[in-house]
Amino acid sequence: MLDWGIQKVFTLTVDNASSNDTAIVHMRKKLAKKKAFVLDGEFFHVRCCAHILNLIVRDGMKEEGGSIEKIRLAVKYIRGSPQRVEQFRTCCELDEIPYRHNLVLDVPTRWNYTYLMLETALKFQKSFERFEEKDPHYHLELRENMPGEADWKTARIFCKFLKTFYDVTNRLSGSLYVTSNSYFHDVINIQSTIKSWSTSHDHTLKNMAIKMNEKFYKYWGDLDRMNMFLLIAVVLDPCFKLKYVTYCYGKLYSKDVVDKVENKLTGTLTRLFSYYDSERRKCNAQSSKEEEVMGSPMSELEMYLTETRIKKVVGESFDILNWWKTNSTRFPVMSLMARDVLAIPVTIVASESAFSTGGRVLDQFRSSLSPKVVEGLICAQDWLRGSPIPQEIEARITDVAELESC
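So for the sequence shown, UniProt numbering puts the first residue at 1; every next one is plus one.
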């Protein structure tokens, strides 16, 4: 921190490894002595949303009865040789199914790839059945592990189940837009989805939901342990504000619980506002005349909360950072709050990707570089690679598959 010139630390986002919990405790002690925290580091620790989602999904997938494994073996068999792939392509043409991307073979420990495998395979269910008729070795190889109609039905349920989490993970893992203000919406959506699944008539889906709800409550269900900064991020979204938070919780919890959360959130918001107001006054010496014009410092917060919420235009994205920049003269203190709160990363996916050195060869030239130069190169590489254009992961998997077959 001294080398980087960091004097204040707002939050630190880490995954759920026990070693990180130990590191957080150590950092909290060190930084508290230097008075480097906001609100004494009460909400310093932010748990990576993507890792929590991963734990929830993995618990749900334990209820899978073997259908996914059968589809995985079928995909593996077809991808086993170029001749089989070509024969499968012919089956797709006969069934008039466009074969734009290769079949995706997942990694059993990575549920997001399992979703992509199922999503692709389900499009070709008829072609799998036709392939069974065309290739006599297919039945001999898989035997009792050949996917049947019941397996495809289960796969559809799982695909629907995984899509919800896949979309949320992709949305919250972005690095070119604000994610802290959308975190709450996705958590509430997941909680509502799990709740509806738990009353499903489908036995598999119901059992998955029960398992997932246990893990959900461990990390997100206990509102006393909720990081208030991530709720404040929603309040700082002029399209939603405080009433939206209480409305959403009112759909899922009792009035007593909602009132408790609202009081805690309001109290934290007031304390955070007072902190930034105090820091601003230290930096900007103001005349008594200016103080008189401003009136009570809390009037700024009250004015923001009581103003009518902004209505989003359908089909258009709302630039929340630009809104706060434009309105910084009206809300000088709150715009400073928004600058820091909205910058909180809710996942560590982007940073893990940026600083991953997997696949890089450490040659004689790179070994001779100083740590500062290497750090600069890694950061510059991430900035240069940054693009607002969404990347299609299926296309990338296809490219990799084609390279592997060369």
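Glycine residues also receive a C-beta, built at the ideal position from the N, C-alpha and C atoms.
- By the criterion of at least three beta-carbon pairs nearer than 8 Å, the stretch 35 to 55 is in contact with the stretch 334 to 352.
- The UniProt domain "hAT-like transposase RNase-H fold" (173 to 275) contains no complete beta strand (DSSP E) run of 3 or more residues.
- In this structure, the CA atom of residue 241 is about 55 Å from the CA atom of residue 131.
- Note that the C-beta distance between residue 265 and residue 337 is not below 8 Å.
- A Cβ-Cβ separation of about 6 Å places residue 333 in contact with residue 280 under the 8 Å criterion.
- Under the DSSP assignment, residue 139 falls in the alpha helix (DSSP H) whose first and last residues are 136 to 142.
- Around residue 305, the same chain offers 241 and 242 as residues with beta carbons nearer than 7 Å, after the five sequence neighbours per side are excluded.
- In the structure shown, residue 47 adopts extended strand secondary structure according to DSSP, grouped into three states.
- According to the DSSP assignment, residue 341 belongs to the alpha helix (DSSP H) that extends over 332 to 341.
- Taken through DSSP and simplified to helix, strand or coil, residue 25 comes out as helix.
- In the DSSP assignment, the residues bridged to residue 37 are 9.
- In the three-state scheme derived from DSSP, where H, G and I count as helix and E and B as strand, residue 373 is classed as helix.
- For the set 185, 374, 161 and 84, the Cα lying nearest the Cα of residue 137 is the one of 84.
- Taken in chain order, the unbroken stretches of alpha helix (DSSP H) that lie wholly in the stretch 91 to 132 and span 4 residues or more are 111 to 123.
- Taken atom to atom, the span from the alpha-carbon of residue 253 to that of residue 276 is near 32 Å.
- An exposed status is given to residue 371, since fewer than 16 other beta-carbon atoms sit within 10 Å of its beta-carbon.
- Here DSSP, grouped into helix, strand and coil, assigns residue 349 to helix.
- The shortest CA-to-CA distance from residue 2 to any of 94, 42, 311 and 36 is the one to 36.
- In the structure shown, residue 313 adopts coil according to DSSP, grouped into three states.
- Taking all protein chains shown into account, residue 110 has fewer than 16 neighbouring C-beta atoms within 10 Å of its C-beta and is therefore exposed.
- Sixteen is the threshold: when 16 or more other Cβ atoms of the shown chains lie within 10 Å of the Cβ of residue 54, as they do, the residue is buried.
- Pairing residue 172 with residue 164 gives a Cβ-Cβ distance that is not under 8 Å.
- Under the DSSP assignment, residue 326 falls in the alpha helix (DSSP H) whose first and last residues are 320 to 326.
- Sorting 17, 44 and 15 by C-alpha distance to the C-alpha of residue 29 places 44 at the top.
- Per the coordinates, the alpha-carbon of residue 192 lies some 27 Å from the alpha-carbon of residue 308.
- A Cβ-Cβ distance of about 12 Å is found for the pair residue 72 and residue 146, leaving them out of contact under the 8 Å criterion.
- Annotation: the continuous alpha helix (DSSP H) that includes residue 72 extends over 67 to 78.
- C-alpha of residue 159 to C-alpha of residue 205: approximately 11 Å in a straight line.
- Using a Cβ distance threshold of 8 Å, residue 157 and residue 114 do not count as a contacting pair.
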